[in-house]
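Everything below concerns the one structure shown next.
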Amino acid sequence: MATDLAPPEVKAVPAPVRRTRMSPRTALLRYRWLYLMVLPGLAYFLVFKYLPMRGLTIAFQDFVPFLGYEGSQWVGLKHFEELFTGPDFGRLLGNTLILAALTIVFAFPAPIVVALLLNELRLGVLKRAVQSLIYIPHFLSWTIVASLTYLLFSVDYGVIAGLVHGVVGGTRVDYVAQAEWFRPVIVLQTLWKSTGWGTIIYLAALAGVNADLYEAARIDGAGRWRQFWHVTLPAIRPTIVVMAILTSGHLLDNSFEQIWLMTNSLNRSVADVFDTYVYYVGITQGGYSYATAVGLFKGVAGVLLIFGCNWLAKRLGQRGLF
Amino acid sequence: MNLTSRRLLAGLLAISTATAATACSSGDEPGATNELTMMVPLFGTAPDPAGEMQKAVEKLAGKKLRITWVPNAEYGDKTNVTLASDKLPDLMVVQDQKGPSFVKAAEAGAFWDLTGKLDKYPNLKPRNEQTRLNSSVNGRTFGVYRVRPLLRSAVLLRKDWLDKLGLRPPKTTDDLYEIAKAFTEKDPDGNGKKDTYGLIIPKWPTPVFNSSNPYNAIDVWFGAPNGFGMRGGRLVPEFDTPEFFAANRYIKKMIDEGLVNRDFATLDTGKWNDPFVQGKGGIIIDVNVRATQLYGLLKEKDPDRYTDMLAMTGNLARPDGQKFSLPFTGYNGVLAISKQTIRTDAQLDEVLKVLDRLASKEGAVLLTNGIEGRNFRVEDGYAVHINEDDPAVKTMNNDVDYAFIQLGTTASVGVGGDAYAWKPASKAEQDNLRLRAELEKLDLQTAVHDPTLPYISPALTAKGATLNPIVTDARVKYLAGEITEEQLKAEIKRWYDSGGSQAVTEFQDLIAKGGN
Numbered sequence: 001m002a003t004d005l006a007p008p009e010v011k012a013v014p015a016p017v018r019r020t021r022m023s024p025r026t027a028l029l030r031y032r033w034l035y036l037m038v039l040p041g042l043a044y045f046l047v048f049k050y051l052p053m054r055g056l057t058i059a060f061q062d063f064v065p066f067l068g069y070e071g072s073q074w075v076g077l078k079h080f081e082e083l084f085t086g087p088d089f090g091r092l093l094g095n096t097l098i099l100a101a102l103t104i105v106f107a108f109p110a111p112i113v114v115a116l117l118l119n120e121l122r123l124g125v126l127k128r129a130v131q132s133l134i135y136i137p138h139f140l141s142w143t144i145v146a147s148l149t150y151l152l153f154s155v156d157y158g159v160i161a162g163l164v165h166g167v168v169g170g171t172r173v174d175y176v177a178q179a180e181w182f183r184p185v186i187v188l189q190t191l192w193k194s195t196g197w198g199t200i201i202y203l204a205a206l207a208g209v210n211a212d213l214y215e216a217a218r219i220d221g222a223g224r225w226r227q228f229w230h231v232t233l234p235a236i237r238p239t240i241v242v243m244a245i246l247t248s249g250h251l252l253d254n255s256f257e258q259i260w261l262m263t264n265s266l267n268r269s270v271a272d273v274f275d276t277y278v279y280y281v282g283i284t285q286g287g288y289s290y291a292t293a294v295g296l297f298k299g300v301a302g303v304l305l306i307f308g309c310n311w312l313a314k315r316l317g318q319r320g321l322f
Numbered sequence: 001m002n003l004t005s006r007r008l009l010a011g012l013l014a015i016s017t018a019t020a021a022t023a024c025s026s027g028d029e030p031g032a033t034n035e036l037t038m039m040v041p042l043f044g045t046a047p048d049p050a051g052e053m054q055k056a057v058e059k060l061a062g063k064k065l066r067i068t069w070v071p072n073a074e075y076g077d078k079t080n081v082t083l084a085s086d087k088l089p090d091l092m093v094v095q096d097q098k099g100p101s102f103v104k105a106a107e108a109g110a111f112w113d114l115t116g117k118l119d120k121y122p123n124l125k126p127r128n129e130q131t132r133l134n135s136s137v138n139g140r141t142f143g144v145y146r147v148r149p150l151l152r153s154a155v156l157l158r159k160d161w162l163d164k165l166g167l168r169p170p171k172t173t174d175d176l177y178e179i180a181k182a183f184t185e186k187d188p189d190g191n192g193k194k195d196t197y198g199l200i201i202p203k204w205p206t207p208v209f210n211s212s213n214p215y216n217a218i219d220v221w222f223g224a225p226n227g228f229g230m231r232g233g234r235l236v237p238e239f240d241t242p243e244f245f246a247a248n249r250y251i252k253k254m255i256d257e258g259l260v261n262r263d264f265a266t267l268d269t270g271k272w273n274d275p276f277v278q279g280k281g282g283i284i285i286d287v288n289v290r291a292t293q294l295y296g297l298l299k300e301k302d303p304d305r306y307t308d309m310l311a312m313t314g315n316l317a318r319p320d321g322q323k324f325s326l327p328f329t330g331y332n333g334v335l336a337i338s339k340q341t342i343r344t345d346a347q348l349d350e351v352l353k354v355l356d357r358l359a360s361k362e363g364a365v366l367l368t369n370g371i372e373g374r375n376f377r378v379e380d381g382y383a384v385h386i387n388e389d390d391p392a393v394k395t396m397n398n399d400v401d402y403a404f405i406q407l408g409t410t411a412s413v414g415v416g417g418d419a420y421a422w423k424p425a426s427k428a429e430q431d432n433l434r435l436r437a438e439l440e441k442l443d444l445q446t447a448v449h450d451p452t453l454p455y456i457s458p459a460l461t462a463k464g465a466t467l468n469p470i471v472t473d474a475r476v477k478y479l480a481g482e483i484t485e486e487q488l489k490a491e492i493k494r495w496y497d498s499g500g501s502q503a504v505t506e507f508q509d510l511i512a513k514g515g516n
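Chains as they are written, first to last, in full-length UniProt numbering: chain V, 1 to 322; chain H, 1 to 516.
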C-alpha cells in the first residue's frame, strides 16, 4: 500500500560545510512555497490512503454495516484464522506468487531491454515513432485488452489461434480457456500493455548519462558492447534498483481486472488470486470483514517485501530507497 | 487496486448521502410531513421532479415524492452504502434482499417486518403464493415484492433453419438433440459449407451453481431438482442425483459431437445473441423475453424476413416423455420500508396505502404505460405510443420506461399485470407475446420449485466463495472432457466436505421449521 509513497528521489550528498541549524519556524517561513506545494500531495495521501485505513478495524470484527464500527461484534483474529487454515489459502498464495514470479522474470526486465534497444537507434524520428507506438496499449483498459485477446485467440474464430493452428497443426488449442495457457496469456497481455510505458523512466535515465563518459570509453578503445557494459549499465543501475524495490511492494497485487476478465470455469484453479478472491468474498458475498482480513494480510506482506528488498539492495552495496 | 477504489467510492458516497439526507430532513419531523423519500434504480436519465410524470405519480400517491434515482449498475454498491449509513430513505427498492447486508440490517430492526400485514390492502395482498414464499426471508416478509414472470425459460430457435430442413420446434430433449445435429450437419443456411452448429452456450458470469443458466434448465428437464429438492425425505442438491448425471451425459454428447459452440467455457453472455443473429448457431436456451431482443437484432439484419427467423417453445420433456419445467423466482427485489423514519403503525399504514394506490390498476397503467391520451392510447388491448414527436411526450416515455416502471409491484417489465402490453410491430411478435403467456401457464403445471429459496443458510453465505465454484467448475471441466464422471463425483464429495453438508443440514432444518 505504502509503495506509491516515495518517488525515486536522489538523496542529496551531505554538504561538506555544515550550515547553522535553522529553527523550524525560520525553515517553514523560508521554504513556505515548497511546503505549500507539498500540501496537495500530503492531503491526497491523508484522505485517500490513511483515513480509509480506519476501515481496517473491521478485519477484527463481524462487521454489519447497519450496526456500524461501534456496534459490530469484535472477534479478534477469527477471520485470519479462517483464511490461513481454510482450503483456499494454499492455492491463492501459490497462484499469486507464481504470477508474481512470472512478472519479475518477464515483465520487469522487458522495459529495460526495450529502452536500451531504443537508445541505440540512430534515427531520431524512428525512435520517437516506435516509442509513441508502444506507449499506446498503456491507455487501453483491461476490458479492451481482454476483448482483443478473446477475439484473436478464441478457439473458433481467433485469427492468431487459426494462424498457429495452420502452422503447427494438430488439435486446436483453446488458449483463452485452458488452464495451462492461462499464465502465458496473462504474461503476454502484461508485456503488450505495459512494456512501452515502462520504458519512459529508463529512457529518461539513459538520457542523463554523461556523453563525456562514452567519449572517454571510445578513446580507451571500447566498442559498442564495452561501452554498454561499462558505461550505460552502471549509469542506469540505481534506477533499476529503485524500480525493483518499488515493484516488490506490488508483487502480491495482481491486476484485478485483467485476471477477473480472463477467468473461467476451466482455468479458475490457476487463476484465483487474492485480489479476485477479495472481490468475490467481499463485494458479491457481503463478507466484508473476511475480505478486509485478506486485504490486510496482503498489504502487510507487501510492506514486508519492500523492506526486505530494500535491505537486500543495501546489503548488495546499492543505494536503497530509504 | 480496484477494491481499494471501490471502498473509497463507498466512503465518499456514504459521506455525500449522509449530508444529502441531513439536508433534506433538517427541520422536518420524521414521517410527519406529507412527503416520502425513496431510493429507486434508474436505467436512463433521472426524471425531472417537477415533470409531468412525477406530478401524475404524486397525485395518485397523495404524497410529495422525493426520489433518489440510482443508476442500476451501481445500485448494489449504493444499497450497501445506504444500509451502512444511518440515514435510510422511507422506502427503498432492495434488489438483493437475500444478501447478507440487507438481511442483517432487517434482522437488526432497520426495516418493517410486513409478515401478515399486507393482506388488508387489496392490491398489496400477494397475488401468488409461490412468489410470496420465494420472496420471504426465513419465513418473514421484509418488503412488497416487485412482480416478474414466475416461469419464463424457453428454447429459441432459428425458424428459417427449421423450415429449410423441414423440422418442427422440439417437444423433448431428444428432439432438441436431433435439431442440433441437423443444424450442424445439414447445412441449414444453404451456403454449401459446414459452418453452423446447434446450441449456443455462454460462460455464466456467476459461479453460483443454480443460477438459471442453460445447464440448470437441462438438469431440471431431465428430472434433477432445481437447486435443491426433497428425495426420500432428505434434502439433496441438484447435482447429487442420477438425473443430473443423465443430463450432463446428454450435454457432453452434444459438445463432443460438435453441436455446441466450442468456446462455451468463455463466450461472454453479452455476446450470446451474436452467433444466433449472424447465422452461426441456431439454438438458445434462456428466458422468453430474449425473443424481443432477437427480433430487434434480426430486424436490423434482415427487415424483410425477420418475422420468419425466430421460433420459440417452452420447457422440454425428457426422453421418457415426462416433463419438468424450470421456474423463476417470480419477483425482482422488494420495496422495503425503513423503521427509522416510519416509526408508528399509523405511519406505516399511511405508507402502505400509498403503495396500495400505486399497485392498483390505475397505478400499474401509470407506472408501466404512462398517461392515456397523452403518450399512449389503447388498441386491441395493447398500448400504442402516440404524439411521439412531441418532446414533452418523449421525456414522459423515457421517464416511464427507464425510471417509474421500477416502482411497479403488480405490473412491470415483461409482466402485463393490470397494465397494457405495448403493441409489437408485427403479427409474429404479437403471436410470440401470446405464446409466452400460454407457455407460462402450461409449464407452471410442471414447474419444479426450489424449496430452499425462502431460506438463508449461514454456512453457504460464509463459505460461498469456496463452495460455489466447486461443482460449477467441475461440471464445465467434465463437459470439456478435462475430467471424468468419477472425478466429477469426487468434486461433489469435496463440496459436501468443504461445508456443503452443513449447508444442506441448515436448509433442511429451516424448511422443517418453516413448515412449507
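We put the CB at the ideal spot given by N, CA and C, even for glycine. Quick caveat, the model's predicted, so the values are computed rather than measured.
Run of the beta strand (DSSP E) containing W69/H, from where it starts to where it stops: 64 to 71
Indicate whether at least one CB of chain V lies closer than 8 Å to the CB of D263/H. yes
Please report the Cβ distance between T461/H and P100/H, rounded to the nearest whole angstrom; I am assuming they are in contact, meaning their Cβ atoms lie under 8 Å. 6 Å
State the beta-bridge partners of Q61/V as determined by DSSP. Beta-bridge pairing links Q61/V to W74/V.
Which chain V residues are close to G464/H, counting only those with a beta carbon under 7 Å from its beta carbon? Q285
So with Cβ pairs under 8 Å, would you call T472/H a contact of chain V? At least one chain V Cβ lies under 8 Å of T472/H.
Any idea which residues DSSP pairs R158/H with across the strands? L310/H
Please confirm whether any heavy atom of the ligand GTP lies closer than 7 Å to the CB of Q508/H. Ligands in the displayed structure: none, and consequently the ligand GTP is not present.
Please report how far the alpha carbon of F80/V lies from the alpha carbon of T57/V, in whole angstroms. 13 Å
Looking at C-beta atoms only, is the number of pairs between the region 394 to 410 of chain H and the region 52 to 69 of chain H that lie closer than 8 Å three or more? yes
Less than 8 Å between the CB atoms is what I'm expecting for I245/V and L321/V, so what's the real figure, rounded? 5 Å
Run of the alpha helix (DSSP H) containing F307/V, from where it starts to where it stops: 288 to 315
Under 8 Å from the C-beta of L83/H: neighbouring residues of chain V: P65, F66
Own chain partners of C24/H with C-beta closer than 8 Å, once the 5 adjacent residues on each side are dropped: Summary for C24/H: the model assigns pLDDT 40, below 50, so the residue's position carries little reliability, and this model does not support an answer.
Give me the chain H residues within the contact set of P87/V, using Cβ-Cβ distance strictly less than 8 Å, ordered along the chain. T466, S498
For S101/H, which residues in chain V fall below 9 Å Cβ to Cβ? The answer, in chain order, is V64, P65, F66, G286, Y288.
Span of the beta strand (DSSP E) holding N95/V? From DSSP, N95/V is part of no beta strand (DSSP E) but of the alpha helix (DSSP H) over 89 to 102.
Please name the residue in L348/H, V334/H, G464/H whose C-alpha comes closest to that of T410/H. V334/H
Chain H contact residues for R268/V, given Cβ-Cβ distances below 8 Å: P207, P469, D473
Give me the chain V residues within the contact set of N248/H, using Cβ-Cβ distance strictly less than 7 Å, ordered along the chain. The contacting residues do not exist; N248/H stays about 13 Å from chain V at best.
Is the Cβ-Cβ distance between L298/H and M309/H less than 8 Å? Cβ atoms of L298/H and M309/H: closer than 8 Å.
Terminal residues of the continuous beta strand (DSSP E) containing E35/H? 35 to 42
Would you say A180/H reaches chain V, if we count a Cβ-Cβ gap shorter than 8 Å as a contact? no
8 Å is my cut-off, CB to CB: does V155/V come that close to chain H? Taking Cβ atoms only, chain H reaches closer than 8 Å to V155/V, which makes this a yes.
List the residues of chain V that A105/H touches, going by C-beta distances under 9 Å, in chain order. Simply V64, P65, F66, L67.
Can you tell me which of Q322/H, Q278/H, P451/H puts its alpha carbon nearest to the alpha carbon of F222/H? Q322/H
For Q318/V and P238/V, what's the separation of their Cα atoms in angstroms? About 7 Å.
So S265/V contacts chain H; which residues on that side make the cut at Cβ distance below 8 Å? K203, P207, A265, P469, T472, D473, R475, V476, K477
Of the choices D473/H, V476/H, G190/H, D356/H, whose alpha-carbon is the least far from that of A61/H? D356/H
For the alpha helix (DSSP H) containing H138/V, list its first residue and its last residue. Looking at the DSSP string, H138/V is not in any alpha helix (DSSP H), and its letter there is neither H nor E.
Can you list, in chain order, the residues of its chain with a C-beta nearer than 7 Å to that of A115/V? Leave out the 5 residues immediately preceding and following it. T199, Y202, L203, L206
With DSSP collapsed to three states, give me the class of residue 359/V. Residue 359/V lies beyond the stretch modelled for chain V, which goes from 1 to 322, so this question has no answer here.
Proximity to G270/H [Cα-Cα], best of D320/H, M254/H, K203/H, G233/H: K203/H
Any residues in the region 161 to 189 of chain V with a beta carbon nearer than 9 Å to a beta carbon of chain H? Which ones, in chain order? Listed by position, the residues of the region 161 to 189 of chain V near chain H (Cβ gap below 9 Å) are R172, D174, V176, A177, Q178, A179.
Can you name the start and end residues of the alpha helix (DSSP H) that P238/V belongs to? 233 to 249
Cut-off 7 Å between Cβ atoms - residues of its own chain near P89/H, not counting five sequence neighbours on either side: T37, M38, M39, T68, S338
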